Amino acid sequence: MIKIDESNVKPIYEQIYDEFAKLIFLDVLKNGDKMPSVRELALILHINPNTIQKSYKLLEKDKFIESKKGKGNFVSFDTKAYNNYKNSFKEKLMEIIDELIKIGIDKDEIIKLVKERVDNA
Amino acid sequence: MLKIENLSKKFDEFEVLKSVNIHVEKGQIYGLAGTNGSGKTTIFKHIMKIYNQDTGNIYYDGKNIENDDNYFSEFYYIQDDLFFPHNYSLNDLFNYEKMLYVNASKEKYEKLLKYFNIDSFKKLRSLSKGQKKQAAFILAISTCPKVLLLDEIVDGLDAVIRRKFWNVILEEVMDKHITVLISSHALTELDNICDKIGILHEGRIVKEETMEHLKENIIKVQFAIDEEFEMIESEKYNVVKFTKIGSVYFAILKGNVEEFKKDLNNKYNVILFDELSMNLEEIFISELGGLGYGTEEYKA
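For the protein sequence lines, the chains are L and D, in the order given.
Residue 103 in this note's numbering sits at position 103 of the first sequence; the count goes up by one each step and never skips.
In this note's numbering, each residue carries its 1-based index in the second sequence increased by 1000.
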């Protein structure tokens, strides 16, 4: 369910955060669903439980999940989290556009490509 | 919870440990990574009072172990060189250890036997090296230690058994909050599992940091610049290594990468910039390279 890429420059706790954010956003994990326990995930991924705890704390802070005392963590996704998540993707798009300009792709061509993609979506 | 302070030891005139400091918190998995002959085993043997230090102190739960042997029943040390009493089977040895360790659990012992699939009736001396390690590990966990000292326990085991070892270690840490001090050369495995790392070289701890800090403070970058270039310098970052292939430059940086990126962009026309993460093995090599270890070149 969760993929860790060892060669990724991102710290593992951020990768776990991103993976869950994606699953929640794609509605694979729905509001009210129980998250795997820190312990389960540590054993599946072979990762220090404190690393996973850190990802969960961040997901909670950013309002993706909610921690219920003695019961575990549950998906609890609100518009604030939704907007933050959208913005992080917009930033990614900006970075890609910068790259395209850098490698010499024509401005009009970029706009054309984006428009085509959006129109066909 | 386990604190080693300024531990020094000489064997004849040879200084094996030079003022070693190690700080392990409760529930932590502490990885001791070290070069060959750096003194890892000697540290373990001091914790278990097999050796006596020349100077320095070891504290467990705030108490100096020098004047107190009560901690022995809460510690379990698996040596790299395993030694079993002649003609003992694993069952014999467990029955014997039950008398030494008040918390030893038969239930746990049986659970572990099943998990590892070891013949507990067979004489230990007739087991293979890997099976002996499993036998020692089963015994260790069955005594329900609060502190587990593991000297190269996973080194030399097959991938499946190694995974089982880590599973058990993680389970015990999460469930019983045991503390683990483990030495290993399997750095890729220590990488994701450990909370803290100590790097030992020639009897000295050259680095002791939480895994998080260790990774935040060192990064590999590659960049390309299409004009005459001279490496930039600042107090905010430290260039550990710097090489060039064609017009692509590689550097290992300690400190603030964002500042480096900013300075680089201000001064030069940067046509490519990539940050590459460093795993524990690379960090280890880089740290020791800084001390001149392993920097020799070989040409056939």
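Ideal placement from N, C-alpha and C gives every residue a C-beta, glycine not left out.
It should be emphasised that the depicted structure is a prediction, and the values quoted were computed from it without experimental measurement.
Give me the Cα-Cα distance between residue i and residue j, rounded to the nearest whole angstrom.
i	j	result
E1171 of chain D	D1119 of chain D	23 Å
F1044 of chain D	Y1293 of chain D	24 Å
N1117 of chain D	V1168 of chain D	14 Å
L93 of chain L	I110 of chain L	12 Å
D1175 of chain D	K1262 of chain D	46 Å
D1061 of chain D	V1024 of chain D	10 Å
N1057 of chain D	Y1071 of chain D	15 Å
I1138 of chain D	V1206 of chain D	33 Å
L1082 of chain D	R1125 of chain D	10 Å
E14 of chain L	E1216 of chain D	13 Å
I97 of chain L	K107 of chain L	9 Å
S1165 of chain D	S55 of chain L	First, the residue type needs correcting, since residue 1165 of chain D is Phe and not Ser in the sequence shown. Each residue's Cα considered, the two are about 25 Å apart.
L45 of chain L	E1296 of chain D	37 Å
I1004 of chain D	K1049 of chain D	13 Å
E1287 of chain D	L100 of chain L	37 Å
L1214 of chain D	M1278 of chain D	10 Å
V1257 of chain D	T1143 of chain D	47 Å
L113 of chain L	D119 of chain L	10 Å
T79 of chain L	N1265 of chain D	37 Å
S1234 of chain D	I1245 of chain D	23 Å
E91 of chain L	A81 of chain L	16 Å
L1112 of chain D	F1273 of chain D	50 Å
A1186 of chain D	D18 of chain L	28 Å
Y1076 of chain D	I1182 of chain D	12 Å
E1015 of chain D	Y1109 of chain D	40 Å
K34 of chain L	E1066 of chain D	49 Å
N8 of chain L	K1106 of chain D	44 Å
G1255 of chain D	A42 of chain L	30 Å
I1011 of chain D	A1140 of chain D	What sits at residue 1011 of chain D in the sequence shown is Phe, not Ile. Distance between the alpha carbons of F1011 of chain D and A1140 of chain D is about 29 Å.
D62 of chain L	N87 of chain L	13 Å
I105 of chain L	T1243 of chain D	30 Å
A1251 of chain D	K68 of chain L	46 Å
A121 of chain L	N83 of chain L	21 Å
Please report the Cβ distance between residue i and residue j, rounded to the nearest whole angstrom; I am assuming they are in contact, meaning their Cβ atoms lie under 8 Å.
i	j	result
A1135 of chain D	L1127 of chain D	6 Å
F64 of chain L	F77 of chain L	6 Å
M1001 of chain D	K1018 of chain D	At roughly 24 Å, the Cβ-Cβ gap does not stay under 8 Å, so M1001 of chain D and K1018 of chain D are not in contact.
V1221 of chain D	E1275 of chain D	6 Å
F20 of chain L	L59 of chain L	6 Å
H1040 of chain D	G1034 of chain D	Reading the sequence as shown, one finds Lys at residue 1040 of chain D and not His. At roughly 5 Å, the Cβ-Cβ gap stays under 8 Å, so K1040 of chain D and G1034 of chain D are in contact.
E1208 of chain D	K1236 of chain D	23 Å between Cβ atoms; not a contact.
I1225 of chain D	I1271 of chain D	7 Å
I997 of chain D	L1280 of chain D	With chain D covering only 1001 through 1300, there is no way to say anything about residue 997 of chain D.
Please list, in chain order, the chain L residues whose beta carbon lies closer than 9 Å to that of residue i.
i	result
L1276 of chain D	S7, V9
M1174 of chain D	V38, R39, A42, L43, P49
Which residues in the same chain as residue i place their Cβ atom closer than 7 Å to its Cβ, once the five residues preceding and following it in sequence are excluded?
i	result
G1290 of chain D	V1240
T1055 of chain D	N1006, S1008
S37 of chain L	G72
K1098 of chain D	A1104
E1074 of chain D	P1145, K1146, V1147
I16 of chain L	I2, I52, S55
H1177 of chain D	K1026, G1027
V1173 of chain D	G1027, I1029, V1180
D1155 of chain D	S1184, H1185, A1186
Since residue i meets chain L, which of its residues come closer than 8 Å, beta carbon to beta carbon?
i	result
I1193 of chain D	H46, I47, N48
N1279 of chain D	E6
I1271 of chain D	K102
K1215 of chain D	P11
Given residue i, which residues of its chain have a CB within under 6 Å of its CB, disregarding the five upstream and five downstream residues?
i	result
L23 of chain L	L29
L1150 of chain D	I1078, I1182
Y1249 of chain D	F1223
Short of 8 Å in beta carbon distance, which residues of its chain neighbour residue i, apart from the five on each side in sequence? Order them along the chain.
i	result
D1158 of chain D	G1130
V1020 of chain D	I1004, N1006, L1007, S1008, G1039, I1043, G1056, L1200, G1203, R1204, I1205
I1232 of chain D	F1260, D1263, L1264, K1267
Take the Cβ of residue i as the centre, count every other Cβ of all protein chains shown within 10 Å, and call the residue buried at 16 or more, exposed below.
i	result
E1152 of chain D	buried
I103 of chain L	exposed
L26 of chain L	exposed
A1300 of chain D	exposed
F1121 of chain D	exposed
E40 of chain L	exposed
E1303 of chain D	It is not possible to answer for residue 1303 of chain D, since the shown part of chain D is limited to 1001 through 1300.
D1191 of chain D	buried
D1195 of chain D	buried
I47 of chain L	buried
Y51 of chain L	The displayed chain sequence assigns Thr, not Tyr, to residue 51 of chain L. T51 of chain L should be labelled buried.
Y1301 of chain D	As displayed, chain D neither begins before 1001 nor continues past 1300, which places residue 1301 of chain D out of reach and without an answer.
L1200 of chain D	buried
L1100 of chain D	exposed
F1284 of chain D	buried
H954 of chain D	With chain D represented from 1001 up to 1300, any question about residue 954 of chain D goes unanswered, as that position is not in the structure.
P1085 of chain D	exposed
Which chain D residues sit within Cβ distance under 8 Å of residue i?
i	result
L43 of chain L	N1167, L1170, E1171
### Query
Any residues in the stretch 1018-1048 of chain D with a beta carbon nearer than 7 Å to a beta carbon of chain C? Which ones, in chain order?
Within the model displayed, chain C is absent; protein chains L and D are what it includes.
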